[in-house]
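Written below as structure tokens is the structure these notes are about.
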Amino acid sequence: MNIASQSSSKGKELSQRIRAISEKRLLDLFIHKNPHKRWVNSRAAASWIYETNIPDAQQISCAEALMAKFGPARTYAQNNAGLLDKKRFQQEMGDGVIYLSYVYRLSEQTSP
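One point on numbering: in this note's numbering, the residue at position 10 of the sequence shown is 61, and numbering is uninterrupted.
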């Protein structure tokens, strides 16, 4: 095995570990830290996952992707509902600009 393939293998393993830790922290946020099942946006999730008060754009994007992964499938059906409920959030920014984002909460059908 050459050095390049060893490095690639270790990089993939590290990436998988980081993803697993992020997923665990996200689920911890929804299951243990949010007992009243309030809606959570990607900025708040990123703050919790990455332990920072000011998450950067990449961290927010990664948190959004993780929440979408645990959310309902695009074609909703009872058997593919997901662990998280998803709701579109619309905010007017002025001058006719509307900002659309999604918020998530632990599904009512999921019990911790």
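C-beta: ideal position from N, C-alpha, C; glycine also.
Sequence-distant partners of Q142 (beyond 5 residues in either direction) whose C-beta falls short of 6 angstroms from its own C-beta, in its chain, are Y150. DSSP places L117 inside the alpha helix (DSSP H), whose first and last residues are 108-121. Exposed is the label assigned to F140, since fewer than 16 other Cβ atoms lie within 10 Å of its Cβ.
Taken in chain order, no unbroken stretch of beta strand (DSSP E) lies wholly in the segment 76-102 with a span of 3 residues or more. Separation of D79 and S66 (C-alpha to C-alpha, rounded to the nearest whole angstrom) is 20 angstroms. For S152, the enclosing beta strand (DSSP E) covers residues 148-157. Spatial neighbours of S98 in its own chain (CB-CB distance under 7 angstroms, excluding positions within 5 residues in sequence) are listed in chain order as N104, P106. Within the same chain, and ignoring the five residues on either side of A108 in sequence, no residue has its Cβ closer than 7 angstroms to its Cβ.
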